[in-house]
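UniProt numbering numbers the first residue of the sequence shown as 1 and each following residue consecutively.
Everything below concerns the one structure shown next.
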Amino acid sequence: MSDSNDMTGRNATQSRRRFLALGSATAATALTGCSGILSGDDGGDGGSDGEAGTTTGQQISLSDFRGSGPLVAQREAPGGTSIEDLPDLSGELTLYLGGGEGGLYLDLINLLEQRYPDFTANHRLEASSDLANTIIEENEAGASPADVFMSIDAGSLGAVANADATASLPDEALSTVPDAYQDSEGRWVGIAGRARAIPYNTNQISESDIPSTVQEFPEAAALENSMGWAPSYGAFQSFVTAMRLIRGDDETMSWLQAMQDHGITTYDDEFRVSNSCADGELAAGFANHYYTLRVQSARENSPIGLAFTEGDAGALVNVSGLEIINGTDNADLASNFVRHVLSAEAQEFFATRTFAYPMIPGVAPVGDLPRIDELNPPEINLTELADVAGTVDLLRDAGVL
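Encoded structure:
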């Protein structure tokens, strides 16, 4: 990770550990256009001439990109490059969309299609790791039909990049994203971030009951027989992969066994873990940060808070990102699409509709979330999270899966 996130002194450490007391299976699709994901017609006639801000498609404003609800109320306008200042999208693009959040990202793509009537995005939606393997195989056989790979995890992006199956990304896009959230060689770039965090029931425990590192959790008396995790979930497996990189396999195995001895409960996914914290079924759990926000948004006044650990695998900030596939015949359109996904409007979409961390400094996260540069993630190369197979083997050996 970049040194730009480092702060010094005990007060800085405490600020990283801010918490929220919030009052309260991927389906594969055939290659198809993204129209119809949102309500409304494509609208408008005419075309575009490739000049910035000259579209004659449906009038799509910031409010169309922005979500709604108590966490979004009274937000300031986002900073960064507006789509008004970018060349129009025109032509046909083939996207491989990887991961469970892909369905949410289709909403963004549909908005872009509505705005640009000459733009069509065909997509294939499957698990990120499956699509990464497909792209690698297609590249070895000659060329992939994909123009852009949009993945929920950096590990899959890294696997494709390491197989020399990517093309160069535009400097205009790379320059807007912190170095920690893009490939060091510019082969992929983050578009939305997710932080590992600890959802907890504010009626049962307080912030002071939550250890500052995950290594201390098996010794936390207040959390015995009252925590939950979702080990079959990709985000959890990325977290364990990060622990393997930092601590090694033996220590990671010991931690997994210690958590089981501590009485942790297994769930199918991390949204259920977070809901169970709000219900009082659990005192706390391991989950991505945005699941707590989704619970709060759907269940106002539910007793759920959110804490962050410090400097270890439990503080991992992973990213969804994208890369341009080598051999594309649509390099200019793909580059322009990347810039649109990192525009102020698109980053506002990720922040307010998916509750992810935006990747550009001009867009703030929702609610009272600390900004991404106020977190204290471990210093690891996100591309190294690609060794999920080794993590699955370790989880099975530990009796977790």
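Think of the CB as a built atom: it goes at the ideal place given N, C-alpha and C, for glycine as much as any other residue.
Note that the structure is predicted; figures quoted are calculated from it, not measured.
Spatial distance of residue i from residue j (CA atoms)
| i | j | result |
| --- | --- | --- |
| P358 | G314 | 20 Å |
| N336 | P361 | 20 Å |
| L382 | G390 | 16 Å |
| A287 | G234 | 11 Å |
| L174 | M150 | 15 Å |
| T176 | L342 | 8 Å |
| L245 | V388 | 12 Å |
| A121 | E172 | 22 Å |
| A132 | R124 | 12 Å |
| I264 | S68 | 35 Å |
| A143 | D164 | 12 Å |
| Q260 | N275 | 21 Å |
| R339 | Y116 | 15 Å |
| E281 | R272 | 11 Å |
| L205 | S212 | Inspection of the sequence shows that residue 205 is occupied by Ile rather than by Leu. Cα to Cα, I205 sits roughly 15 Å from S212. |
Helix, strand or coil at residue i [DSSP, three-state]
| i | result |
| --- | --- |
| M359 | coil |
| A287 | strand |
| E126 | strand |
| G390 | helix |
| E310 | coil |
| S48 | Low confidence applies to S48: its pLDDT is 35, below 50, so where it sits in the model is not reliable enough to give any reading. |
| E300 | coil |
| R66 | coil |
| V148 | strand |
| Y200 | strand |
| G155 | helix |
| D368 | coil |
| residue 428 | Residue 428 lies beyond the residue range present for the chain, which begins at 1 and ends at 401; the question has no answer from this structure. |
| I83 | helix |
| S208 | helix |
Those residues which DSSP pairs with residue i across a bridge
| i | result |
| --- | --- |
| F119 | G91 |
| Q182 | V189 |
| R194 | N318 |
| T166 | I325 |
| L97 | L125, M150 |
| T265 | G228 |
Can you find at least 3 beta carbon pairs, one from the stretch 309-325 and one from the stretch 184-202, that sit closer than 8 Å? With the cut-off at 8 Å, the stretch 309-325 and the stretch 184-202 touch.
Decide if the stretch 291-303 is in contact with the stretch 323-338; the criterion is three or more beta carbon pairs, one per stretch, under 8 Å apart. At 8 Å Cβ cutoff, the stretches do not touch.
Unbroken stretches of the beta strand (DSSP E), 3 residues or longer, contained in the stretch 213-263: If we require 3 residues or more, the beta strand (DSSP E) runs fully inside the stretch 213-263 come out as 227-229.
Just checking, does the stretch 236-254 make contact with the stretch 304-313 on the three C-beta pairs under 8 Å criterion? With a cut-off of 8 Å, the stretch 304-313 and the stretch 236-254 count as touching, because enough Cβ pairs lie within range.
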